[in-house]
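Same order as they appear, the protein sequences are chains A and B.
In terms of the numbering used here, the first sequence is residues 6 to 383.
In terms of the numbering used here, the second sequence is residues 6 to 383.
First the structure, in the form of structure tokens, and then the observations on it.
2 protein chains.
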Amino acid sequence: MADGPTITTIAERAGVSIASVSRVLNGLPTRQETVRKVMAAADELGYVRNAVARSLKSRRTHQVAFAMADVGNPAYLAMLRQIQPVLKAAGYRLVLHSTDAVVADEIDVLHSLGERYVDGLIMVPLRVTEAHLEMLSAARAPVVIIGQVPEGSRVDNVRADSRTGVGLAIDHLHLLGRRRIGMINGPLDTVPGAARAAGYRQALADVGLPYDEDLVQIGDFYRAEGRHAVTELLARVPDVDALLCANDLIALGALDVLRAAGKRVPQDVAVVGMDDTDLAAASWPSLTSVSLGSAERGKVAAELLLERLQGGDREPRLVTVPPRLVVRASTAGESAPAARTAEDRKAKENRDVAGSATGSDVAEALTELDAQGKGSLE
Amino acid sequence: MADGPTITTIAERAGVSIASVSRVLNGLPTRQETVRKVMAAADELGYVRNAVARSLKSRRTHQVAFAMADVGNPAYLAMLRQIQPVLKAAGYRLVLHSTDAVVADEIDVLHSLGERYVDGLIMVPLRVTEAHLEMLSAARAPVVIIGQVPEGSRVDNVRADSRTGVGLAIDHLHLLGRRRIGMINGPLDTVPGAARAAGYRQALADVGLPYDEDLVQIGDFYRAEGRHAVTELLARVPDVDALLCANDLIALGALDVLRAAGKRVPQDVAVVGMDDTDLAAASWPSLTSVSLGSAERGKVAAELLLERLQGGDREPRLVTVPPRLVVRASTAGESAPAARTAEDRKAKENRDVAGSATGSDVAEALTELDAQGKGSLE
DNA sequence: GCACACGCAGTAAACGTTTACAGGGCTGAT
DNA sequence: ATCAGCCCTGTAAACGTTTACTGCGTGTGC
């Protein structure tokens with residue numbers, strides 16, 4: 006691990022000045038003979054450019070940071086998987102920050118932007134506090150926020166729309182003839198919980214169903230909690246014929262309980278999850294789920310950031326990624342082609358609604374493929 | 006986004022030299038009055054140290070790279086989740102490289118080590134070629150390889166032992182009284198495929214069962230391929246009473262086919278997967294799976310790298326992480342409370358991995374919270 | 001034959017730090 | 001009063017690049 010060669014080393018060996026070496030290495034016009042000498046010396050010494058020194062001079066690191074609460078979370082992972090290739094294609098490295106759901110860590114990340122070790126940042130904040138906004142407005146590098154940012158903030162912002170997503174699910178269930186549609190939600194003091202509760206109320210109204218408190222059960226966003234909540238709801242309303250669960254884990258818990266209770270899914274009770282994680286496709290019966298477009302949000306965020314890095318200034322943009330209903334066996338049954346088709350039509354309409362310019366079918370197919378991943382390594 | 010203040014700006018404003026500013030910022034002994042002036046100026050200007058300039062001088066970037074084939078792969082993700090906190094605690098940032106299973110990209114990553122934008126590298130190569138070894142021996146920064154590296158290579162190496170892992174599964178199935186144990190493997194020209202095939206043969210011999218070619222079916226490491234392979238095997242050997250699948254996805258495919266064929270799991274056919282991904286716990290029936298210790302391999306790799314970064318030279322080390330059988334319903338049945346309890350205990354151990362120093366109950370609760378993900382964000 | 005232009009390469013400054021070294025002022029001892 | 005010694009601060013070099021500027025030598029046009 007001896008000190009590597011620098012342009013000075015090369016210059017000496019080639020008998021030229023460091024300026025010439027630099028010019029050759031950067032392909033600037035140079036006499037053929039000089040090029041030859043420099044290249045030869047560089048090859049012999051196994052020279053590699055020092056990225057740090059380059060960055061210091063050029064004020065560009067070719068690195069971008071992605072900050073979220075936890076790498077293990079499937080929603081963030083879906084984003085990461087879209088962000089990475091977009092950045093890579095543009096020649097940027099990805100620096101990962103896991104803030105462990107600690108707000109102070111998020112502020113830290115924003116602060117460290119000032120250290121200029123990255124050219125830009127994509128962040129998924131847990132919630133946006135005053136401190137966030139302050140740091141954001143003072144940020145010395147472009148930032149894209151995935152989540153809710155107050156109007157008028159001077160940053161690019163990419164959002165999901167879980168309220169509409171809930172609507173898609175309710176519509177779907179209603180079309181299938183379900184009339185006693187229960188909701189298993191997470192805590193109402195969380196952003197997702199509140200949005201979903203509101204969406205549920207409104208969607209019921211939209212399809213002309215009454216809102217019945219007995220059909221709503223609050224738990225938390227985990228499988229065990231989901232089991233518990235569904236058990237309670239089932240005791241209260243034995244003839245519930247559909248369950249909308251605030252995420253896929255809750256829905257898995259619901260499947261557990263329904264199975265134990267001897268209810269058939271979807272014949273007796275249809276079940277819908279949210280987030281459309283890998284688990285939804287893996288479960289049995291496979292789970293109909295509302296995709297909130299984590300993957301697409303990641304992709305859009307990366308593209309917005311690149312625009313700013315390459316283009317320069319423009320007005321901050323707000324992109325809302327539309328939700329999409331992914332119908333699987335837990336509502337349609339594998340043998341219900343009619344429902345499936347209706348659903349497909351809807352999903353398509355839905356996708357067209359906000360017509361994001363980015364969603365190619367090829368990219369989407371690829372994503373699905375990768376998701377399955379060659380598992381193990383030896 | 007005006008140019009940020011530098012120590013020069015501060016020096017001017019405080020009326021001192023840049024050396025004094027630097028000393029104050031680094032806490033070197035300085036007159037109280039000077040400290041005050043410098044701090045005041047720094048605060049007013051909102052100064053933040055430039056990490057690039059620092060790195061140039063100190064020859065330390067406080068960044069470490071992690072390179073693997075695909076972020077979306079659960080096995081790599083499990084590693085990442087352990088690596089990240091270890092590095093973060095030591096003050097290192099994590100740079101992520103996804104090589105998309107392209108060998109040239111891996112070589113690229115090794116090459117780019119010379120650019121000195123990171124202090125070290127953890128890599129999970131697909132396979133180790135001559136080119137890899139060459140680059141490794143010339144590497145100008147410490148590298149830890151997760152996977153198989155030839156004897157005598159001068160790098161730290163962390164391995165799984167899938168051969169023994171297969172043995173665990175066969176033992177388990179044999180103990181449960183299964184005698185016609187099929188194997189659904191991936192391609193034999195992959196490192197995992199070959200190791201598992203060998204393990205299967207030997208494990209059968211160890212428990213005194215004959216090797217029967219009809220019981221072996223080669224497919225690929227995906228769910229659909231798994232379905233196909235299991236269908237073939239089932240046609241050939243209708244009375245097979247157990248299936249060992251080379252990864253969890255294949256096992257999920259097996260569950261699909263067995264269900265469709267009217268076979269009960271585990272009563273008629275017991276199923277075992279490998280890798281113990283999230284999917285194993287989520288499926289129904291939940292899947293007994295051989296954990297190859299991805300999480301632990303990640304943790305060990307990170308620790309080895311840190312040792313080298315902080316400590317300095319020592320002999321390269323080889324650590325083999327033992328496999329572990331995680332028993333769930335697909336072999337034990339839900340009605341086997343003993344097995345279930347064993348499983349819970351095991352899951353906890355797994356979370357603790359090698360007893361991370363941070364494992365307070367609160368931290369654990371928080372981690373758990375995140376892991377499940379308040380999946381979606383609004 | 002001279003001026004001018006042009007192609008090429010070298011010198012030096014700059015990016016923002018850290019740090020070795022030197023020097024200035026003060027204290028205290030002689 | 002002088003000087004050693006100490007504390008503090010400033011000067012300058014260094015990390016490895018890129019690049020503006022300068023200058024040299026050659027060839028061309030008059």
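Note that CB positions come from ideal geometry on N, CA and C, so glycine has one too.
Excluding sequence positions up to five before and after Pro10/B, its CB lies within less than 6 Å of the CB of Leu50, Tyr52, all in the same chain and listed in chain order. Around the Cβ of Ser142/B, a 10 Å sphere holds fewer than 16 other Cβ atoms; the residue is exposed. Taken in chain order, the complete alpha helix (DSSP H) segments of 4 residues or longer contained in the segment 175-238 of chain B are 196-212.
Within the same chain, Cβ atoms closer than 6 Å to the Cβ of Val221/A are found at Met188, the five residues on either side in sequence being excluded. Annotated three-state conformation of Ala58/A is helix, per DSSP. By DSSP's assignment, His102/B forms a beta bridge with Ala72/B. Assignment of beta-bridge partners to Ala247/B by DSSP yields Ile186/B, Ala275/B. Here Leu118/B carries a helix assignment [DSSP, helix/strand/coil]. Note on Leu180/B: under 16 other CB atoms within 10 angstroms of its CB, so exposed under the neighbour-count rule.
For Gln207/B, no Cβ of chain A is located within less than 8 Å of the residue's own Cβ.
Val332/B is a Cβ neighbour of Thr293/B, given a cutoff of 8 Å. Between Ser296/A and Arg264/A, the beta carbon gap of about 25 Å keeps them out of contact (Cβ cut-off 8 Å). DSSP places Thr39/A in the helix class (H, G or I) of the three-state scheme. A residue is called buried when at least 16 other Cβ atoms come within 10 angstroms of its Cβ; Lys62/B does not meet this threshold and is exposed. In the DSSP assignment, Thr11/B falls outside any alpha helix (DSSP H), carrying neither H nor E.
For Thr336/B, the uninterrupted alpha helix (DSSP H) run begins and ends at 334-337, by DSSP. The beta carbon of Thr169/A lies closer than 6 Å to those of Pro328 in the same chain, with the five residues before and after it left out.
When DSSP reads this structure, Met128/B sits in a beta bridge with Ala72/B, Ile150/B.
In this structure, the straight-line span from the alpha carbon of Val91/A to that of Lys304/A is close to 7 Å.
Residues are counted here when their Cβ sits less than 8 Å from a Cβ of chain B; for the segment 262-288 of chain A these are Arg264, Met279, Asp280, Thr282, Asp283, Leu284, Ala287, Ser288, given in chain order.
Of all residues in the segment 53-64 of chain B, the ones placed with a Cβ closer than 9 Å to any Cβ belonging to chain A are Val53, Arg54, Asn55, Ala56, Val57, Ala58, Arg59, Ser60, Leu61, Arg64, in chain order.
Annotation: Asp219/B to Leu239/B spans about 10 Å, alpha carbon to alpha carbon. The distance from the Cβ of Val212/A to that of Leu248/A is about 16 Å, inconsistent with a contact at the 8 Å cut-off. No Cβ of chain A is located within less than 8 Å of the beta carbon of Gly96/B. Think of a sphere of 8 Å around the beta carbon of Gln89/B: the chain A residues whose beta carbon falls inside it are Val76, Leu101, Ser103, in chain order. Using a CB distance cut-off of 8 Å, His177/B does not count as an interface residue toward chain A.
Listed along chain B are Val53, Arg54, Asn55, Ala56, Val57, Arg59, each with a C-beta nearer than 9 Å to that of Glu120/A. Listed along chain B are Val53, each with a C-beta nearer than 9 Å to that of His116/A. Membership of Asp161/B in the beta strand (DSSP E) is indicated by the continuous run 161-164. Rounded to the nearest whole angstrom, the C-alpha separation of Ser103/B and Gly119/B is 18 Å. In this structure Val148/B touches Leu126/B by the C-beta definition: roughly 5 Å separates them, less than 8 Å.
In summary, Gln68/B is buried, with 16 or more beta-carbon neighbours lying within 10 Å of its beta-carbon over all protein chains present. Annotation for Leu254/A: no beta strand (DSSP E) segment contains it, though the alpha helix (DSSP H) segment containing it runs 253-265. Taking 8 Å as the threshold, the shortest C-beta distance from Leu238/A to chain B does not fall below it. In this structure, Tyr97/B is the residue among Asp176/B, Tyr97/B, Arg269/B, Asn252/B with its C-alpha nearest to the C-alpha of Tyr122/A. What Thr134/A touches in chain B, judged by beta-carbon distance under 8 Å, is nothing: the nearest beta carbon there is about 15 Å away.
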